[in-house]
Amino acid sequence: MSTIVVAAVIVAPGGKVLAAQRAAPAALAGGWEFPGGKVDPGESEVAALVRECREELGVEITVGARVGEDWALSDGYVLRVWLATLTSGTPEAREHLALRWLGPGEYYDVEWLGADLPIMKTVESLLQQD
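Residues 1 to 130 (our numbering) are what the sequence shown spells out, left to right.
Have a look at this one:
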């Protein structure tokens, strides 16, 4: 059975998306990702996403459409991703080295982790349709 990890692509006006720079583990530190984390036992995926954004960023989000299907990670982890918007708060790097809002033309200005790069490509095409 796979361990489910959830991530939020937080979208702001102008097609900006929030990227978070990993602090740990050492193998991933410095790489950029979409914020999120593991789903706790008995927790829904959407509830986990809301909780993780509250804990990691200090914000409340509204969860929107799912992005793609399951994204395979290493060691039996499966990543599930949703679009989201901020409903309150300003994102703070509580568990990350840094945060950056990336607008169109800037989406690839950071070094995305291998798992997050194809997600960014999918999100870019979705945002271009709006």
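Beta carbons: idealized from backbone N, C-alpha and C, even for Gly.
Worksheet item: Under a Cβ-count criterion, where at least 16 other Cβ atoms within 10 Å of its own Cβ denotes burial, should W101 be classed as buried or exposed?
Response: exposed
Worksheet entry | Touch test, the stretch 87–104 against the stretch 12–32, Cβ-Cβ under 8 Å, three pairs minimum | yes
Worksheet item: In the DSSP assignment, what are the bridge partners of K38?
Response: V5
Discussion item. Please return the same chain residues whose Cβ sits closer than 6 Å to the Cβ of E56, not counting the five positions on each side in sequence.
Written reply: P35, R94, E95
Discussion item. For a test of the three-state rule: what should DSSP assign to V46, helix, strand or coil?
Written reply: helix
Item to complete: Please confirm if R22 has its CB atom under 8 Å from at least one CB of chain C.
Response: Of the protein chains in this structure there is only one, and it is not chain C.
Discussion item. Can you list, in chain order, the residues of its chain with a C-beta nearer than 8 Å to that of L113? Leave out the 5 residues immediately preceding and following it.
Written reply: R22, L28, G31, W32, E33
Worksheet entry | Integer Cβ distance of A26 from V110, believed to fall under 8 Å | Incorrect: roughly 19 Å between the Cβ atoms, too far for contact.
Worksheet item: Looking only at its own chain, which residues have a Cβ that is under 6 Å from the Cβ of V78, when we skip the five neighbours before and after it?
Response: S2, I4, D70
Practice prompt. Keeping to the same chain, check which residues put their C-beta closer than 6 Å to that of G37; ignore five residues upstream and five downstream.
Written response: E52
Practice prompt. With DSSP as the reference, please indicate the residues paired to E60 in a beta bridge.
Written response: S88
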